[in-house]
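Undergrad: Mind looking over this structure? Questions follow.
Protein chains: 2
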Amino acid sequence: MNKAVVLVSGGLDSATALGIAREKGFECYALSVDYGQRHRSELIAAQNIARSLGAHAHQIIRLDMTVFGGSALTDQSIAVPVGHQKEHTDTIAIPVTYVPARNTIFLSLALAWAETLDCRDIFVGVNAVDYSGYPDCRPEYIQAFENMANLATKATLGGKLFTIHAPLVHLTKKEIIQTGIDLGIDYSTTISCYQADVKGRACGQCDSCHIRRDGFVALGVPDPTLYQ
Amino acid sequence: MNKAVVLVSGGLDSATALGIAREKGFECYALSVDYGQRHRSELIAAQNIARSLGAHAHQIIRLDMTVFGGSALTDQSIAVPVGHQKEHTDTIAIPVTYVPARNTIFLSLALAWAETLDCRDIFVGVNAVDYSGYPDCRPEYIQAFENMANLATKATLGGKLFTIHAPLVHLTKKEIIQTGIDLGIDYSTTISCYQADVKGRACGQCDSCHIRRDGFVALGVPDPTLYQ
Numbered sequence: 001m002n003k004a005v006v007l008v009s010g011g012l013d014s015a016t017a018l019g020i021a022r023e024k025g026f027e028c029y030a031l032s033v034d035y036g037q038r039h040r041s042e043l044i045a046a047q048n049i050a051r052s053l054g055a056h057a058h059q060i061i062r063l064d065m066t067v068f069g070g071s072a073l074t075d076q077s078i079a080v081p082v083g084h085q086k087e088h089t090d091t092i093a094i095p096v097t098y099v100p101a102r103n104t105i106f107l108s109l110a111l112a113w114a115e116t117l118d119c120r121d122i123f124v125g126v127n128a129v130d131y132s133g134y135p136d137c138r139p140e141y142i143q144a145f146e147n148m149a150n151l152a153t154k155a156t157l158g159g160k161l162f163t164i165h166a167p168l169v170h171l172t173k174k175e176i177i178q179t180g181i182d183l184g185i186d187y188s189t190t191i192s193c194y195q196a197d198v199k200g201r202a203c204g205q206c207d208s209c210h211i212r213r214d215g216f217v218a219l220g221v222p223d224p225t226l227y228q
Numbered sequence: 229m230n231k232a233v234v235l236v237s238g239g240l241d242s243a244t245a246l247g248i249a250r251e252k253g254f255e256c257y258a259l260s261v262d263y264g265q266r267h268r269s270e271l272i273a274a275q276n277i278a279r280s281l282g283a284h285a286h287q288i289i290r291l292d293m294t295v296f297g298g299s300a301l302t303d304q305s306i307a308v309p310v311g312h313q314k315e316h317t318d319t320i321a322i323p324v325t326y327v328p329a330r331n332t333i334f335l336s337l338a339l340a341w342a343e344t345l346d347c348r349d350i351f352v353g354v355n356a357v358d359y360s361g362y363p364d365c366r367p368e369y370i371q372a373f374e375n376m377a378n379l380a381t382k383a384t385l386g387g388k389l390f391t392i393h394a395p396l397v398h399l400t401k402k403e404i405i406q407t408g409i410d411l412g413i414d415y416s417t418t419i420s421c422y423q424a425d426v427k428g429r430a431c432g433q434c435d436s437c438h439i440r441r442d443g444f445v446a447l448g449v450p451d452p453t454l455y456q
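Protein chains in written order, with my numbering: chain A, 1 to 228; chain B, 229 to 456.
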């Protein structure tokens, strides 16, 4: 059984990515990062998701990214914007919820764990359709990371290369939710909200809540999200 | 004055990279990582180096890489090999002191800090001549990381790209030491040893000690290293 490291944030997308990895027959090693995020309850959601979706192991690694700041998610003095961000701009502006180099750091940690596990497959739930416009969610970024990863490690010197799987990258939120429902994922346990409270209840106001709710509406299924 | 983030481990190479960055006129932001390394005294050396070489700021970020293990530097049950590693092999074998994805993680952290500082220059003291053969010290790896970084962040969407400076990559250890001496660096404060003791004294036996000592011998200057 081949192993895969799967980045699991606790949100809807990464839960779906984990479900897909398992469906493909991988033994899954879920990795979450406690980076000082505002919505810390997502880490509890990540634990529940890893367990319910049969991850072989789940690691939460601590890295205090608040020392860098520069994001509403890691700096309490920057407010999370209310409303759907794309509606407020003509061009795609990157919202203040963008966390500098977050996916690069997370994928690098996944790469380290993958190498020690002697595994060559990494799954990440990035999406470049119904998303907040973050640059590190685009397919060209994922490809560049994979190219770099295949020069970065001792593991690939024998020629067996890493694959960064981004199975959701070209899907709409509606399609992602349909995929997850087909896989039997219970989305009520996932947290997408940028400012979920300690009980894991969503604000219903932030960009992530809007994108998520729009997905359930588009699919025509009940939104299982617990709101504040 | 342009800013640069400089990865400073506490060793001879990164001290030289910091000296070069300052010589080039950058305001330097030194970054070190407390990753659970065996040779923790290098972090004290990093603080001294950052101060003595005039870094504008110095950040030590904690990340417990012992959870991944897979290296003699992060797993106390794996011994640091004695002797010059290249002497023992016909082909270049990567020693057990290799830490999975270390430079990728460190450069990713540097990228995050650089983005929040609105800085586009990152210095790293990797070297691919007199080194232990680590894949993440090769010029093709550094180029691939730079390519990835320029797709990873909000910072570069305006077209002003990141440069990963690896000024030592093609130098011999002798040339690195000569460069540092010309810049007035006091190498007695740097720690290269993989198993330096709590007082910062080197073992004189490991690969890193061998490569370092050979550099001073080749240059014909006294080795200022404090040995156990």
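A virtual CB, placed ideally from N, CA and C, is assigned to each residue, including glycine.
1) What are the boundary residues of the beta strand (DSSP E) that A/G59 is part of?
2) What residues in the stretch 109-136 of chain A bring their beta carbon closer than 7 Å to a beta carbon of chain B?
3) Taking the straight line between their C-alpha atoms, what separation do you get for B/L291 and A/T156?
4) Within 10 angstroms of its Cβ, does A/N2 collect 16 or more other Cβ (buried), or is it exposed?
5) Applying a beta-carbon distance threshold of less than 9 Å, which residues of chain B neighbour A/N147?
6) Quick one: residues in its chain with C-beta nearer than 6 Å to the C-beta of A/L226, no 5 flanking neighbours on either side, listed in chain order?
7) Using the Cβ count rule (16 or more neighbours within 10 Å means buried), how would you classify B/S416?
8) So if I threshold CB-CB distances at 7 Å, which residues from the stretch 255-274 of chain B count as touching chain A?
9) On the criterion of 16 or more Cβ atoms from any shown chain inside 10 Å, does B/P367 qualify as buried, or is it exposed?
10) Are any of the Cβ atoms in chain B nearer than 9 Å to that of A/Q178?
11) Go ahead and pull the three-state DSSP assignment for A/K173.
12) Could you have a look at B/D442 and say whether DSSP puts it in helix, strand or coil?
13) Return the first residue and the last residue of the alpha helix (DSSP H) that A/Y194 is part of.
14) How would you label B/A377, buried or exposed, when you count the other beta carbons within 10 angstroms and need 16 or more for buried?
15) Pick out the complete alpha helix (DSSP H) segments inside the stretch 330-375 of chain B, 4 residues or longer, and give them in chain order.
16) Taking B/Y326 as the reference, which of A/Q195, A/G69, A/A112 and A/I60 has the closest Cα?
17) Out of curiosity, what's the CA-to-CA distance linking B/H316 and B/C431?
18) Taking Cβ to Cβ, would you say B/V261 is nearer than 9 Å to B/I370?
19) Quick check: the stretch 438-453 of chain B against the stretch 266-280 of chain B, are there 3 or more CB pairs under 8 Å?
20) Consult DSSP for A/V67 and reduce its assignment to one of helix, strand or coil.
21) In angstroms with no decimal places, state the Cα-to-Cα distance between B/G253 and B/L379.
22) List, in order along the chain, the chain A residues whose C-beta lies closer than 7 Å to that of B/P328?
23) Hey, does A/L63 have any beta-carbon neighbour from chain B nearer than 9 Å?
24) Keeping to the same chain, check which residues put their C-beta closer than 8 Å to that of A/L73; ignore five residues upstream and five downstream.
25) State the Cα-Cα distance for the pair A/C206 and A/A50, rounded to the nearest angstrom.
26) Considering only the beta carbon of each residue, do B/I220 and B/T244 sit closer than 9 Å?
27) Roughly how many whole angstroms lie between the Cα atoms of A/A30 and A/N127?
28) How is B/D435 classed by DSSP in three states: helix, strand or coil?
29) Going by DSSP in three states, B/I322 sits in which element: helix, strand or coil?
30) Below 7 Å between beta carbons is the criterion; list the residues of the stretch 194-216 of chain A that meet it against any residue of chain B, in chain order.
31) In three-state DSSP terms, what is B/E315?
32) B/Y455 bridges to which residues according to DSSP?
33) Mind checking A/D13: buried by the 16 CB within 10 Å criterion, or exposed?
34) Quick check on B/S260: does DSSP put it in helix, strand or coil?
35) Keeping to the same chain, check which residues put their C-beta closer than 8 Å to that of B/D364; ignore five residues upstream and five downstream.
36) Tell me, please, which residues DSSP counts as bridged to A/L7.
TA: Reading it off the structure:
1) For the purposes of this step, residue 59 of chain A is identified with residue 59 of the first sequence, where counting begins at 1. One detail in the question is off: residue 59 of chain A reads as Gln in this sequence, not Gly. Per DSSP, A/Q59 belongs to the beta strand (DSSP E) from A57 to R62.
2) Cβ contacts with chain B: L109, L111, A112, W113, E115, T116, P135 and D136.
3) Along the second sequence, one-based indexing puts residue 291 of chain B at 63. Along the first sequence, one-based indexing puts residue 156 of chain A at 156. If I take the Cα positions, the gap works out to 24 Å.
4) The residue labelled residue 2 of chain A in the question sits at position 2 within the first sequence. Within a 10 Å sphere around the beta-carbon of A/N2 sit fewer than 16 other beta-carbons, which makes this residue exposed.
5) In the first sequence, residue 147 of chain A corresponds to position 147, counting from 1. Within 9 Å Cβ-Cβ: A372, N375 and M376.
6) Here residue 226 of chain A refers to the residue found at position 226 of the first sequence. Excluding positions up to five away in sequence, the list reads R201.
7) Sequence index remark: in the second sequence, residue 416 of chain B carries index 188 (1-based). Around the beta carbon of B/S416, fewer than 16 other beta carbons sit within 10 angstroms, so the residue counts as exposed.
8) Within the stretch 255-274 of chain B, no residue has a Cβ that lies closer than 7 Å to any Cβ of chain A.
9) For this step, residue 367 of chain B is matched to residue 139 along the second sequence. Within a 10 Å sphere around the beta-carbon of B/P367 sit fewer than 16 other beta-carbons, which makes this residue exposed.
10) Indexing the first sequence from 1 puts residue 178 of chain A at position 178. Cβ-Cβ to chain B under 9 Å: no for A/Q178.
11) Counting from one through the first sequence, the residue named residue 173 of chain A turns up at place 173. A/K173: helix per DSSP, three-state reduction.
12) The residue you call residue 442 of chain B lines up with position 214 of the second sequence. B/D442: helix per DSSP, three-state reduction.
13) Counted from its first residue, the first sequence places residue 194 of chain A at position 194. Per DSSP, A/Y194 belongs to no alpha helix (DSSP H) and is neither H nor E.
14) On the second sequence, residue 377 of chain B is found 149 positions in, with the first residue counted as 1. B/A377 comes out buried.
15) The stretch 330-375 of chain B contains these whole alpha helix (DSSP H) runs: 330-345.
16) In the second sequence, counting from the first residue as 1, residue 326 of chain B sits at position 98. That would be A/A112, whose Cα lies nearest to the Cα of B/Y326.
17) The count along the second sequence starts at 1 and reaches residue 316 of chain B at position 88. The count along the second sequence starts at 1 and reaches residue 431 of chain B at position 203. Here the model assigns B/H316 a pLDDT of 43, short of 50, so the residue's position is not dependable, and the following value carries that caveat. So the two alpha carbons sit approximately 19 Å from each other.
18) Position 33 of the second sequence, counted from the start, is the residue given in the question as residue 261 of chain B. Position 142 of the second sequence, counted from the start, is the residue given in the question as residue 370 of chain B. No Cβ-Cβ contact shorter than 9 Å links B/V261 with B/I370.
19) The stretch 438-453 of chain B makes no contact with the stretch 266-280 of chain B, as fewer than three CB pairs between them are under 8 Å.
20) Within the first sequence, numbered from 1, the residue matching residue 67 of chain A stands at position 67. When DSSP states are grouped into helix, strand and coil, A/V67 belongs to the helix group.
21) What you label residue 253 of chain B is simply residue 25 of the second sequence in a count that begins at 1. What you label residue 379 of chain B is simply residue 151 of the second sequence in a count that begins at 1. C-alpha separation (whole angstroms): 27 Å.
22) Counting from 1 along the second sequence, the entry for residue 328 of chain B is found at position 100. The answer, in chain order, is A112, E115, T116 and T153.
23) On the first sequence, residue 63 of chain A is found 63 positions in, with the first residue counted as 1. The Cβ of A/L63 sits closer than 9 Å to at least one Cβ of chain B.
24) If you number the first sequence from 1, residue 73 of chain A lands on position 73. Closer than 8 Å at Cβ, skipping near neighbours: Q37, R38, H39, V80, T97, V99 and Y194.
25) Position 206 of the first sequence holds residue 206 of chain A. Position 50 of the first sequence holds residue 50 of chain A. Looking at the backbone, the Cα of A/C206 and that of A/A50 are separated by about 25 Å.
26) The displayed coordinates of chain B run from 229 to 456. Any statement about residue 220 of chain B would go beyond what the structure contains.
27) Working through the first sequence from its first residue, we reach residue 30 of chain A at position 30. Working through the first sequence from its first residue, we reach residue 127 of chain A at position 127. The straight-line gap from Cα to Cα measures roughly 19 Å.
28) What you label residue 435 of chain B is simply residue 207 of the second sequence in a count that begins at 1. B/D435 falls in the helix class under three-state DSSP.
29) By 1-based counting over the second sequence, the position of residue 322 of chain B is 94. Here B/I322 sits in coil by DSSP.
30) Within the stretch 194-216 of chain A, no residue has a Cβ that lies closer than 7 Å to any Cβ of chain B.
31) The residue given as residue 315 of chain B occupies position 87 in the second sequence. For B/E315, the predicted structure reports a pLDDT of 49, less than 50, and the residue's modelled location is therefore unreliable. A value from the coordinates is still provided. In this structure, B/E315 counts as helix in the three-state DSSP scheme.
32) Here residue 455 of chain B refers to the residue found at position 227 of the second sequence. DSSP lists B/A430 as the bridge partner or partners of B/Y455.
33) Residue 13 of chain A sits at position 13 when you count from the first residue of the first sequence. Answer is buried; the Cβ neighbour count reaches 16.
34) As a first step, residue 260 of chain B must be located in the second sequence, where it is residue number 32. Note: B/S260 maps to strand in three-state DSSP.
35) Counting from one through the second sequence, the residue named residue 364 of chain B turns up at place 136. The answer, listed in chain order, is A329, R330, N331, T332 and V354.
36) Your numbering for residue 7 of chain A matches position 7 in the first sequence. A/L31, per the DSSP bridge assignment.
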